[in-house]
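Each residue of the sequence shown is one higher than the last, beginning at 135 in the working numbering.
Below: the structure, in structure tokens.
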Amino acid sequence: MQFYYGDRNLLRILDEVEFWKRQEGEHTVVIRQIVNNLEPRYVALLQEWEQAFNQTEGVAVKYIEAVTRSNFNVSPALEQQIIQFIQYALNQSQNFILLLDEMVAQSEAVRNNPVALVVINHIRRESEYFSGIVKAFLNVVYAS
């Protein structure tokens with residue numbers, strides 16, 4: 135993400151959150167589809183994560199609409215809410231990465247499925263990429 139958007143940086147990071155939360159939600163489905171014999175515990179956790187990602191994506195859309203309606207003249211209170219939400223989205227992705235790590239280490243079904251290992255590692259890298267974008271944004275925000 136480039137940081138030369140000026141007053142549109144909030145909108146840009148919210149666009150990233152919306153996109154990546156949709157991706158992460160879809161990734162939970164992909165994992166469940168490619169690991170046919172995935173342990174029920176992980177199936178249930180991935181279903182919960184899918185719902186959580188969908189909810190976070192929905193909140194991002196609401197904030198995008200609020201920023202757009204304000205004509206990019208965001209109040210300090212709304213800006214603070216958005217920054218807290220961005221931090222929440224980052225923490226969510228970091229916790230999802232921990233689940234992916236656990237699945238690779240603990241799930242017999244995943245360990246015995248070479249394709250699943252490749253896909254889960256790819257998904258992990260994508261969530262790490264999103265986390266990096268958010269951390270860079272937050273560093274700029276807190277440096278101001």
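A virtual CB, placed ideally from N, CA and C, is assigned to each residue, including glycine.
Between the C-alpha atoms of residue i and residue j, what's the straight-line distance to the nearest angstrom?
i, j, result
"Ser-209", "Phe-264", "26 Å"
"Glu-262", "Gln-228", "8 Å"
"Leu-272", "Glu-150", "13 Å"
"Leu-224", "Asn-246", "30 Å"
"Glu-158", "Phe-187", "7 Å"
"His-256", "Asn-207", "38 Å"
"Ile-168", "Leu-179", "16 Å"
"Ile-220", "Ala-243", "34 Å"
"Leu-241", "Leu-172", "According to the sequence displayed, residue 241 carries Ser and not Leu. If I take the Cα positions, the gap works out to 8 Å."
"Glu-236", "Asn-205", "43 Å"
"Thr-162", "Ile-198", "24 Å"
"Val-253", "Val-238", "11 Å"
"Leu-234", "Gln-189", "20 Å"
"Leu-148", "Leu-232", "23 Å"
"Val-164", "Arg-175", "16 Å"
"Arg-166", "Ile-217", "32 Å"
"Arg-142", "Val-274", "14 Å"
"Gly-266", "Gln-181", "25 Å"
"Ala-270", "Glu-184", "25 Å"
"Glu-213", "Val-177", "36 Å"
"Glu-260", "Tyr-222", "17 Å"
How close, in whole Å, do the beta carbons of residue i and residue j come, if the pair is a contact with beta carbons under 8 Å?
i, j, result
"Lys-155", "Ala-194", "6 Å"
"Glu-191", "Glu-152", "6 Å"
Looking only at C-alpha atoms, which of the options sits nearest to residue i?
i, options, result
"Lys-196", "Glu-182, Gln-185, Gln-215 and Trp-183", "Gln-215"
"Arg-146", "Val-268, Ala-277 and Tyr-276", "Val-268"
"Phe-230", "Arg-258, Ala-200, Glu-160 and Val-164", "Arg-258"
"Leu-144", "Ala-200, Glu-182 and Val-177", "Ala-200"
Answer with buried or exposed for residue i, where buried requires no fewer than 16 other C-beta atoms within 10 angstroms of its C-beta.
i, result
"Tyr-276", "exposed"
"Thr-202", "exposed"
"Ala-250", "buried"
"Gln-226", "buried"
"Tyr-138", "In this prediction, Tyr-138 scores a pLDDT of 44, lower than 50, which makes its location untrustworthy; no coordinate-derived value is stated."
Output the residue ranges of the alpha helix (DSSP H) runs that lie fully inside the segment 184-260 and measure 4 residues or longer, sorted by chain position. 210-240 and 242-245
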